[in-house]
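Read the structure below first, then the notes.
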Amino acid sequence: MELLIPVIKISVVLGVLLGVVAYTVLVERRVAAAIQNRVGPNRVGWNGLLQPLADVIKLVMKEDIVPKQANRFIHDLAPMISMAIALITFAVIPFGDSITLFGQAIKLQIASVNIGILYILAMTSLGVYGITLSGWSSNSKYSLLGGLRSSAQMLSYELAMGLSVIGVVMIAGSLELDKIVQTQHGWMWNILLQPVGFVTFVVASFAETNRHPFDLPEAEPELVGGYHTEYSGLKFGLFFLAEYTNMVTSSAVITTLFLGGWQIPYIGLAGLPAFWVSILQVLAFCVKVYLLVLFFIIIRWTIPRFRYDQLMNLGWKVMLPLSVLNLLVTGLVILYL
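Count the sequence shown with the working numbering and you get residues 56 to 392, in order.
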């Protein structure tokens, strides 16, 4: 039983996450169509609901083209790295408190580790390797420039992201994500206690996931497609899925750190059975993540892409000083109180 429960949790979370990612692509296409006064995909299945399945079949059936002078092994490995890192980052995120099934209390989190935040920061740092290696291995100047941009972008925004999280850690007194969620009981959400940290973390998340307006590594007007210019078929599909998986995972991390995670304010006063409280908490977590994913999508189709110098200036001259200042103010407030 000790081994069976983690295997079931991994299987369920992996299946749900991949399904959500596939339909996030459809949601983005429909939202983009609405913003641009178009119809969007509506042909495959009822109202276009089978469009993700058609996209997967199309990508699998496409020819895998590799440049003649490319490093074939690294070229094949890079999209696998990006997708694997995107998936395993979700392992430490608590999507609920606990639930009792068949007399067995099950913690709604794949792995509860006492350095959960450090694990997430480490995984997001590793994620850039897939993009950088894909750019280098393709033997294309466009791809190489995209990979280099991704590395510079990660270095610029990883500092601000790490510093914005420290304020949350100071308030919670722990690096464990489930304990950080528990400290946000009632309306003690960190978005209210750490508004500067929240804004900094969200902006850094856009940069870390290479989402518009920080999608410089793949900027089509200058780099054709950037790091994935020389990719096609299933390998391109893995990069595509990795981006959307990172977006969902980032939304889950933001929810956990700043929006109370699975907490529903004062739900204990309703007198509901513990089982239904657990179900409602999971649903609350999913709704918060969904709203953040919608925010990611709307921003992409609203704000124009930054120039590269603007990207660097924002990271080093605005966000880094703001993060340091927020950290100092948080420390002084905690010391005073």
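Don't be surprised by glycine CBs; every beta carbon is placed ideally from N, CA and C.
Query, Result
"8 Å Cβ cutoff met for Pro-268 and Arg-360", "yes"
"Helix, strand or coil at Lys-162 according to DSSP, with G and I counted as helix", "strand"
"Residue burial classification, Val-76 (beta-carbon count within 10 angstroms, cutoff 16)", "buried"
"Leu-156, DSSP secondary structure in three states", "strand"
"Check whether Ser-211 and Trp-371 have beta carbons under 8 Å apart", "yes"
"Cβ-heavy atom distance, Lys-117 to the ligand ADP, below 7 Å", "As far as ligands go, the structure on display features none, and thus does not contain the ligand ADP."
"Cβ neighbour criterion (16 or more within 10 Å) applied to Met-302", "buried"
"C-beta atoms of Ile-352 and Val-82 nearer than 8 Å", "yes"
"Sub-8 Å separation of Val-258 and Ala-307 beta-carbons", "no"
"Residues near Ala-87 in its chain [Cβ-Cβ closer than 6 Å; skip 5 each side]", "Trp-356"
"Straight-line gap, Ala-160 to Pro-149 (C-alpha atoms, nearest Å)", "15 Å"
"Thr-311 vs Ile-235 beta-carbon contact at 8 Å", "yes"
"Cβ contact check for the region 175-190 and the region 242-250: 3 or more pairs under 8 Å", "no"
"Residue span of the alpha helix (DSSP H) that contains Asn-194, given as start and end", "Unbroken run through Asn-194: none, as it is neither H nor E."
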